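Numbering (full-length UniProt numbering), first residue to last: 1 to 195. Heads up, the beta-carbon is just placed ideally off N, CA and C, and yes, glycines get one too. This one's a predicted model, so the numbers in the text were calculated from it and none came from an experiment.
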């Protein structure tokens, strides 16, 4: 009996093409025409789902955030809170091809958000959510001795450091490889988490 394949929904195909173009060639190459060609659909089809470039960027960034959240949620956590923090924060670093593509998209989005109030608002919401989640982990790592204010500052420092490592890793060639990124993260956590 012949197998019938189920085609992926058109919006998913377009979103994947959008992600590929953004990660491989940057935002300058993201256009309705380029996305349509990469997705193998008509320009009007892309415009149906994403009427503006900002709509395409928002969709790309939203998809990346969802993927990262799913990966973080799937991270196996144990009783060692510091190890859990390291595992979760490593998911935000470009330690493999997949995460490198995600970081390139995040960097492109953040740069665009600097001049787009709508994208900046979205970026702010996401950063607050991530910081709050990391702060909760720092509170747990403090075993009742870490105040909410201190945990929030620790989370901001950790996220800013991870973002900086990620930015330098994707923008500097081989200067900051995976080993150097994880060593820097471990050093940071050693400084922030009391044992």
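Cβ-based neighbour list, residue i, same chain, cut-off 8 Å, excluding 5 preceding and 5 following
{"i": "residue 90", "result": "182 and 185"}
{"i": "residue 148", "result": "135 and 139"}
{"i": "residue 107", "result": "166, 167, 170 and 171"}
{"i": "residue 21", "result": "29, 30, 34, 35 and 38"}
{"i": "residue 127", "result": "159"}
{"i": "residue 105", "result": "19, 22, 23, 60, 61 and 64"}
{"i": "residue 47", "result": "32"}
{"i": "residue 41", "result": "10, 13 and 14"}
When the options are compared against residue i, the one with the closest alpha-carbon
{"i": "residue 117", "options": "148, 152, 24 and 54", "result": "54"}
{"i": "residue 161", "options": "114, 188, 126 and 96", "result": "188"}
{"i": "residue 87", "options": "28, 60, 71 and 101", "result": "71"}
{"i": "residue 103", "options": "145, 67 and 51", "result": "67"}
{"i": "residue 51", "options": "76, 73, 11 and 75", "result": "11"}
{"i": "residue 129", "options": "30, 159 and 36", "result": "159"}
{"i": "residue 112", "options": "58, 25 and 21", "result": "58"}
{"i": "residue 164", "options": "93, 38, 101 and 125", "result": "93"}
{"i": "residue 23", "options": "76, 75, 173 and 60", "result": "60"}
{"i": "residue 19", "options": "121, 45, 48 and 65", "result": "65"}
{"i": "residue 151", "options": "78, 48, 40 and 85", "result": "85"}
{"i": "residue 100", "options": "13, 26 and 191", "result": "26"}
{"i": "residue 79", "options": "126, 125, 46 and 143", "result": "143"}
{"i": "residue 154", "options": "180, 125 and 191", "result": "191"}
{"i": "residue 69", "options": "45, 133, 13 and 47", "result": "133"}
{"i": "residue 56", "options": "17, 145, 97 and 9", "result": "17"}
Cβ neighbours of residue i in the same chain (closer than 7 Å, five flanking residues each side left out)
{"i": "residue 5", "result": "Confidence at residue 5 is low in this model, with a pLDDT of 46, below 50, so the placement of that residue should be treated as unreliable; the coordinate-derived value is given next. Hits under 7 Å: none found."}
{"i": "residue 75", "result": "87, 88 and 91"}
{"i": "residue 146", "result": "138 and 139"}
Extent of the continuous alpha helix (DSSP H) run through residue i
{"i": "residue 187", "result": "178–192"}
{"i": "residue 10", "result": "10–25"}
{"i": "residue 123", "result": "117–141"}
{"i": "residue 61", "result": "53–73"}
{"i": "residue 37", "result": "32–39"}
{"i": "residue 88", "result": "81–90"}
{"i": "residue 152", "result": "148–171"}
{"i": "residue 113", "result": "97–113"}
{"i": "residue 45", "result": "43–49"}
Cutoff 6 Å; reference residue i; Cβ partners in own chain excluding five residues on either side
{"i": "residue 63", "result": "15"}
{"i": "residue 196", "result": "There is no way to answer for residue 196, as the model of the chain reaches only from 1 to 195."}
{"i": "residue 176", "result": "168 and 169"}
{"i": "residue 193", "result": "82 and 141"}
{"i": "residue 119", "result": "112 and 113"}
CB-CB length for residue i against residue j, believed under 8 Å
{"i": "residue 156", "j": "residue 131", "result": "6 Å"}
{"i": "residue 110", "j": "residue 123", "result": "6 Å"}
{"i": "residue 32", "j": "residue 43", "result": "5 Å"}
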